[in-house]
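Quick notes on the structure that follows.
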Amino acid sequence: MSAILEGRTPTGGVVILRPPIDGEPLPDSSSEYDEWGEKLPLSQTAGHIERLVVECDGIAVGHVGWHRVHYGPNLGSCAWNIGIGLTESAQGRGIGSVAQGLLARYLLVTSPLDRVEASTDVTNIAEQRALEKAGFTREGVLRSAQQRVDGRHDLYSYSFVRGDELRSGL
Ligand SMILES: CC(C)(COP(=O)(O)OP(=O)(O)OC[C@H]1O[C@@H](n2cnc3c(N)ncnc32)[C@H](O)[C@@H]1OP(=O)(O)O)[C@@H](O)C(=O)NCCC(=O)NCCS
């Protein structure tokens, strides 16, 4: 496993991101934030999502994913959009912030893209904190961006751009 995909929580838990082993089901991270109702086929949304399993101390506790988004027709205007889900018992232990920090740095090191972005519901305080602890910056509100079974929701958008990894303390 590449050292870039390994980190530690404040209490010493060893977090790694690794590819799923053939046919391995992703750990169940279902929550109120992914009750979508009927979903569009992937070909009509992100197209292709890469995924890695999140492990803590040798146990699979969740997954991260990313796909490319476009702000213009050239490579320099592409960004990675990331997402995460942890099992209930793994939440609140610092794993989410470590995993998203590792993923953001990995994507910047292994690709020419300069921007990693994430978004989360304005009520999802845990994910907002986890992203901020990972070094992401809140950019603003994406009004009425998401529809879930209980209605429409505003999201906060966050980014981690090339150079953020050099800021002291991260
Ligand atoms: C969101 C998620 C990835 C965050 O990962 P995590 O490992 O639980 O987060 P961390 O432990 O790194 O950090 C959570 C922070 O939020 C804080 N927090 C959690 N719930 C909170 C609440 N209701 N109010 C205020 N702060 C809260 C914690 O105290 C912690 O901050 P601290 O370290 O400063 O004390 C994880 O909880 C999860 O998978 N949740 C369910 C699915 C989900 O919401 N996915 C994201 C959809 S965008």
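Be aware that the sequence shown starts at 2, since it is given in this note's numbering, and climbs by one per residue. Beta carbons are placed, not taken as given, at the ideal position from N, Cα and C, and that holds for glycine.
- A Cβ-Cβ separation of about 32 Å leaves L76 out of contact with V123 under the 8 Å criterion.
- For G152, the uninterrupted beta strand (DSSP E) segment begins and ends at 152 to 162.
- Between ligand 1 and T121, a heavy atom-to-CB distance of less than 6 Å is present.
- Between ligand 1 and Q92, a heavy atom-to-CB distance of less than 6 Å is present.
- Contact check for A61 against P28 passes: the beta carbons are separated by less than 7 Å.
- When secondary structure is reduced to three states using DSSP, V99 falls in the helix class.
- About 14 Å separates the CB atoms of A127 and G84; that is not less than 8 Å, and the two are not in contact.
- Rounded to whole angstroms, the separation of the alpha carbons of E51 and G24 is 15 Å.
- Taking each of G73, H71, L87 in turn and checking the Cα distance to V65, the smallest one comes out for L87.
- In the displayed model, L143 falls within a strand according to three-state DSSP.
- For R130, the uninterrupted alpha helix (DSSP H) segment begins and ends at 126 to 134.
- Annotation: the continuous beta strand (DSSP E) that includes G66 extends over 60 to 71.
- Placement of the Cβ of Y159 at a distance of 6 Å or more from every heavy atom of ligand 1 is found.
- Closest by C-alpha distance to C79, out of S44, D115, A47, L108, is D115.
- Taking the Cβ of E128 as the reference point, at least one heavy atom of ligand 1 falls within a distance shorter than 6 Å.
- Ranking E36, S160, G14, E140 by CA distance to the CA of A105 puts S160 first.
- For G141, the shortest C-beta to heavy atom distance toward ligand 1 is 6 Å or greater.
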